[in-house]
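The block underneath contains the structure these notes are about, expressed in structure tokens.
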Amino acid sequence: RKEVEQDPGPFNVPEGATVAFNCTYSNSASQSFFWYRQDCRKEPKLLMSVYSSGNEDGRFTAQLNRASQYISLLIRDSKLSDSATYLCVVTDWGSSNTGKLIFGQGTTLQVKP
Amino acid sequence: GAGVSQTPSNKVTEKGKYVELRCDPISGHTALYWYRQSLGQGPEFLIYFQGTGAADDSGLPNDRFFAVRPEGSVSTLKIQRTERGDSAVYLCASSYRPDNEQFFGPGTRLTVL
Chain Z
118 RKEVEQDPGP FNVPEGATVA FNCTYSNSAS QSFFWYRQDC RKEPKLLMSV
168 YSSGNEDGRF TAQLNRASQY ISLLIRDSKL SDSATYLCVV TDWGSSNTGK
218 LIFGQGTTLQ VKP
Chain V
-14 GAGVSQTPSN KVTEKGKYVE LRCDPISGHT ALYWYRQSLG QGPEFLIYFQ
36 GTGAADDSGL PNDRFFAVRP EGSVSTLKIQ RTERGDSAVY LCASSYRPDN
86 EQFFGPGTRL TVL
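If you read the sequences in order, they're chains Z and V.
Take 118 as the starting number for the first sequence in my numbering and just add one per residue.
Take -14 as the starting number for the second sequence in my numbering and just add one per residue.
Set out below in structure tokens:
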């Protein structure tokens, strides 16, 4: 079983739609959680961190449920420019505090006009 | 300021050959990471440097892979006796400290024929 699991999609939605992505992680000791965005043939870039209290950045809302080991990302009023792959990421601190990132497979979003 | 740079951007080699991939992190970033991303997958951790030392090399797949960071800045990932299965995008990331945001370079696309 992968440490971080996501539905790869693709999710095809019209402009203006609301879309939600979910992921689950297996290591209950994971301490930090993120969503990264990756455009085609580009490097991943941090979209937002995820906290238990939930956090919002404009049209994007992220939520963490530690008890269920579940992370979500909600995108409201989708734009064409939101088309990308969204990677669910946890930090595995382990015993050496490396901060290495553990990535899910990624969920592909395609927003159509 | 300058971001993380990686050279070459593309490398095509033949099975059995030796390759070196270079990463130039953001100036002042002490933490440096190498990841590998296969088609349709999220990046996978390979190795982490704190300064000059490899603090965590648990992600290196076998002893054909080796990385150095002799002066605590530029890092080189070295792959001996390349195999077709090594074909992937090799991403480098750096951060000011392990618990800070990681910034990724554009990657080196390695193709082993």
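No residue lacks a Cβ here, since even glycine has one placed at the ideal position from N, Cα and C.
Computed from a predicted model, the values in this text were never measured in an experiment.
Relative to the C-alpha of residue i, which candidate in the options has its C-alpha closest?
i                     : options                       : result
residue 166 (chain Z) : Z:178, Z:120, Z:156 and Z:144 : Z:178
residue -12 (chain V) : V:-4, V:12, V:-2 and V:0      : V:12
residue 198 (chain Z) : Z:172, Z:220, Z:228 and Z:217 : Z:228
residue 97 (chain V)  : V:85, V:91, V:27 and V:73     : V:73
residue 175 (chain Z) : Z:190, Z:183 and Z:225        : Z:190
residue 64 (chain V)  : V:2, V:87 and V:-6            : V:2
residue 195 (chain Z) : Z:216, Z:142 and Z:137        : Z:137
residue 44 (chain V)  : Z:129, Z:127, Z:226 and Z:219 : Z:219
residue 40 (chain V)  : V:47, V:23 and V:31           : V:31
residue 29 (chain V)  : Z:226, Z:221 and Z:225        : Z:221
residue 173 (chain Z) : Z:186, Z:192 and Z:127        : Z:192
residue 148 (chain Z) : Z:223, Z:215 and Z:134        : Z:215
Any heavy atom of the ligand COA inside 7 Å of the beta-carbon of residue i?
i                     : result
residue 206 (chain Z) : Judged by which ligands are present, the structure shown has none, so any question about the ligand COA falls away.
Note down, in chain order, every chain V residue with its Cβ under 7 Å from the Cβ of residue i.
i                     : result
residue 214 (chain Z) : 83
residue 217 (chain Z) : 18, 30, 33 and 41
Beta-carbon within less than 6 Å of residue i's beta-carbon, same chain only, minus the 5 sequence neighbours each way: which residues are those?
i                     : result
residue 150 (chain Z) : 167, 181, 188 and 207
residue 59 (chain V)  : 9
residue 139 (chain Z) : 189
residue 217 (chain Z) : 209
Answer yes or no: does any C-beta atom of chain B fall closer than 8 Å to that of residue i?
i                     : result
residue 192 (chain Z) : The chain inventory of the structure shown lacks chain B, comprising the protein chains Z and V.
I'd like the span of the beta strand (DSSP E) that includes residue i, first residue to last.
i                     : result
residue 79 (chain V)  : 73 to 80
residue 9 (chain V)   : 4 to 9
residue 131 (chain Z) : 128 to 131
residue 41 (chain V)  : 38 to 41
residue 137 (chain Z) : 136 to 142
residue 206 (chain Z) : 201 to 209
residue 97 (chain V)  : 93 to 97
residue -13 (chain V) : From DSSP, residue -13 (chain V) is part of no beta strand (DSSP E); its letter is neither H nor E.
residue 123 (chain Z) : 121 to 123
residue 60 (chain V)  : 60 to 64
residue 174 (chain Z) : 172 to 174
residue 225 (chain Z) : 224 to 229
residue 147 (chain Z) : Per DSSP, residue 147 (chain Z) belongs to no beta strand (DSSP E) and is neither H nor E.
Just to make sure I have the definition right: I need the residues of chain Z whose C-beta is within less than 7 Å of the C-beta of residue i. Which are they?
i                    : result
residue 27 (chain V) : 204, 220, 221, 222 and 223
List the residues of chain Z whose Cβ lies closer than 8 Å to the Cβ of residue i, in chain order.
i                    : result
residue 89 (chain V) : 160, 161 and 162
residue 86 (chain V) : 163
Which chain Z residues sit within Cβ distance under 9 Å of residue i?
i                    : result
residue 36 (chain V) : Correct list: empty, because the minimum Cβ distance to chain Z is about 13 Å.
residue 92 (chain V) : 158, 159 and 160
residue 76 (chain V) : 160 and 161
Excluding five sequence neighbours on each side, which residues of the same chain lie with their C-beta closer than 7 Å to the C-beta of residue i?
i                     : result
residue -10 (chain V) : 9 and 90
residue 156 (chain Z) : 201
residue 49 (chain V)  : 64, 65 and 66
residue 230 (chain Z) : 132 and 197
residue 169 (chain Z) : 181 and 183
residue 75 (chain V)  : 6, 19, 21, 62, 92, 93 and 95
residue 141 (chain Z) : 122, 186 and 187
Spatial neighbours of residue i within its chain, please: C-beta separation below 8 Å, excluding the five flanking residues on both sides.
i                     : result
residue -4 (chain V)  : 4, 6, 93, 94, 95 and 96
residue 37 (chain V)  : 54, 55, 56 and 57
residue 16 (chain V)  : 33, 34, 35, 79, 80, 81, 82, 83, 85 and 87
residue 132 (chain V) : Look at the range of chain V in this structure, -14 to 98, and you will see that residue 132 (chain V) is not part of it.
Residues within the segment 154 to 165 of chain Z neighbouring chain V, beta-carbon criterion of under 8 Å: 159, 160, 161, 162 and 163
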